[in-house]
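Position 178 (the sequence shown) corresponds to 177 in numbering that gives the first Met the number 0; numbering is contiguous. Positions of the beta carbon are idealized from the N, C-alpha and C atoms, including for glycine. Notes for the one structure printed next.
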Amino acid sequence: MKKKNIMFQGTGSSVGKSILTAGVCRVLKDMGYHVAPFKSQNMALNSFITKDGKEMGRAQVVQAEAARIEPMVEMNPILLKPSSDVGSQVIVMGEVYQNMTATEYHKNKPKFKNIIKEAYDKLAEEYDAIVIEGAGSTAEINLRENDLVNMGMAEMVDSPVVLIGDIDRGGVFASIYGTYMLLEKEEQARMKGFVINKFRGDVKLLEPGIKMLEDKINIPCLGVIPYFTLHIDDEDSVSLRLSYQAKKDIVVGVLRLPHISNFTDFTPFEMDEDVEVKYIKSALDFKDIDLLIIPGSKNTIEDMVYLNNTGMTKKILEHHKKSKPIIGICGGYQILGSGIIDEGNNESSVLKTNGLGLLNTSTIISNKKRTVQVEGTIDISFMGEKLKADVKGYEIHMGVTKFNESHQHFVHLQEGHMDGAINQEENVLGTYLHGIFDNDKFRKFLLDNIRRQKGIETKDQTLSFEEFKETQYVELGKIIKEHLDVEKILEIMSEF
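Here it is in structure tokens:
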């Protein structure tokens with residue numbers, strides 16, 4: 000290859016940039032290339048902690064896994080974690096920089112350009128090829144000045160660009176044509192092809208439109224990707240899995256908090272054919288929930304206020320009175336306690352609130368974030384059953400939680416540290432460990448307990464979660480190889 004890079008940009012958000020980037024990483028890896036993903040700026044509340052304690056977006060972690068390499072923060076040097084409609088916590092090279100409004104961040108973009116370029120250059124020294132992902136729409140002309148993530152990024156590293164359009168939402172020809180025509184001439188020169196994603200039906204019916212579009216913008220169609228469903232983590236909360244899943248025997252209910260973070264924690268439940276993950280959006284959605292989970296949150300106090308205002312607090316407490324299990328992860332763990340205080344306005348403009356009071360704990364939100372991968376041992380009694388197992392996960396939180404010693408500890412971590420708490424009735428559990436359900440033995444312990452109570456046959460696990468994920472990446476690679484002209488992409492990289 001003459002060029003080390005290829006960049007996938009989109010006509011809009013959620014057109015499939017992240018998953019196609021992951022797929023191309025897998026195909027190039029299978030072809031023998033040492034390949035890495037890169038996204039200069041990611042806006043998402045799904046994040047991950049690397050082995051060296053740095054925070055990065057989950058999408059680039061998925062892409063790294065697809066490329067069979069260890070995630071590193073250089074793959075996502077800037078992460079924006081929205082904490083309100085107009086502001087975000089800005090993470091630079093894996094560490095908290097500061098909270099900024101959108102306007103403040105846009106003004107500060109020039110400061111970040113060198114950081115992004117240094118991160119990219121480090122990858123370029125180590126890898127044969129880099130597959131770059133853009134963000135949102137290529138044609139956000141109001142943000143073109145100081146752009147760091149679309150054409151500005153392509154210019155920074157002199158990358159050819161492929162444009163992705165989503166036919167499932169309609170108007171794909173207009174969106175591709177309109178996007179291309181809004182670009183400057185030198186930007187159009189970078190655009191070497193387009194891809195139509197999420198197609199359902201007979202592709203022959205699409206071919207006349209593709210030919211007309213190719214003639215109008217003079218760049219080729221590099222593939223028509225069929226609509227497919229795989230159990231691979233999505234980047235952000237517009238994921239379809241938040242709105243619908245087929246009805247199953249066991250219902251795991253996850254509160255759809257306004258500031259929900261790391262909903263990718265619940266992907267492992269999708270392995271089990273008898274388990275439905277239902278995202279609870281209102282007080283009307285609590286029917287038939289077997290296991291209730293309160294997920295992570297980027298603004299725990301305001302999400303607690305939301306639960307009170309929507310009547311969901313009452314429904315949670317009713318669920319608890321039925322002696323059904325409740326688990327809180329990170330911000331959800333904080334919500335389960337007696338109260339949360341944020342006197343420094345580190346996350347919220349609200350200083351404090353009462354929690355659900357289901358755990359005898361209290362949390363103070365600090366200005367220091369704990370970001371670390373952890374391993375430990377659980378030796379617990381929960382829902383009338385006992386379990387001892389090794390587990391691992393990662394922590395991302397700014398809260399310090401104190402708990403009453405009458406509670407069981409959930410995890411005994413390395414170096415004598417403790418995490419989490421279980422109430423005396425053994426039906427409420429809180430933990431700071433993201434990824435806890437990735438641990439097969441713990442997840443099976445929870446689900447088998449519910450199966451026994453409902454008279455459902457328990458099943459042996461044929462695959463671990465890690466093995467299951469690999470089957471999904473293999474299938475993704477097959478889809479990309481069959482429907483995307485990868486040889487043409489390599490040719491573009493050779494000629495640009």
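When DSSP states are grouped into helix, strand and coil, residue 452 belongs to the helix group.
Counting only unbroken stretches of 4 or more residues, no alpha helix (DSSP H) element lies wholly within the segment 376-414. Closest option to residue 39, judged by alpha-carbon separation, among 146, 67 and 386: 146. For a cut-off of 8 Å, the C-beta gap from residue 122 to residue 37 is around 6 Å, short enough to register as a contact. Listed in chain order, the beta strand (DSSP E) elements of length 3 or more contained wholly in the segment 72-158 are 77-81, 86-91, 94-100 and 128-132. If you check the CB distance, residue 136 and residue 10 come in under 7 Å.
Inclusion of residue 327 and residue 360 in the CB contact set at 7 Å is not warranted, their separation being larger than that value. In the three-state DSSP reduction, residue 67 falls in the coil class, being neither helix nor strand. When 194, 176, 195 and 197 are compared, the shortest CA-CA separation from residue 187 is found for 176. Counting only residues of its own chain and dropping the five nearest sequence neighbours on each side, residue 467 has a CB closer than 6 Å to the CB of 270. Residue range 330-335 is occupied by the alpha helix (DSSP H) that includes residue 330.
Under the criterion of beta carbons closer than 8 Å, residue 226 and residue 198 qualify as touching, at roughly 6 Å. When C-beta atoms of the segment 339-356 are compared with those of the segment 430-440, fewer than three pairs fall below 8 Å, so the two segments do not count as touching. In the three-state reduction of the DSSP assignment, residue 426 falls in the coil class. Contact between the segment 116-134 and the segment 390-397 is not established, with fewer than three Cβ pairs separated by less than 8 Å. Collapsing the DSSP output to three states places residue 49 in coil. DSSP places residue 437 outside any alpha helix (DSSP H), giving it a letter other than H or E. With 16 or more other Cβ atoms from the protein chains shown falling within 10 Å of its own Cβ, residue 482 counts as buried. The distance from the Cβ of residue 363 to that of residue 399 is about 5 Å, consistent with a contact at the 8 Å cut-off.
DSSP places residue 191 inside the beta strand (DSSP E), whose first and last residues are 190-198.
In this structure, the beta-carbon distance from residue 375 to residue 411 falls below 7 Å. Take residue 216, set aside five residues on each side of it, and the residues of its chain with a beta-carbon closer than 7 Å to its own are 176 and 179, in chain order. The segment 247-266 makes contact with the segment 289-304, as at least three CB pairs between them are under 8 Å. The distance from the Cβ of residue 345 to that of residue 397 is about 6 Å, consistent with a contact at the 8 Å cut-off. For a cut-off of 8 Å, the C-beta gap from residue 134 to residue 148 is around 4 Å, short enough to register as a contact. Sequence-distant Cβ neighbours of residue 67 in its own chain, meaning closer than 6 Å and more than five residues away, are 28. Taking 7 Å as the cut-off, the beta carbon of residue 301 is found closer than this to the beta carbon of residue 347. Under the DSSP assignment, residue 55 falls outside any alpha helix (DSSP H), being part of the beta strand (DSSP E) whose first and last residues are 54-56.
Short of 8 Å from the beta carbon of residue 317, and not among the five residues preceding or following it, lie these beta carbons of its own chain, in chain order: 285.
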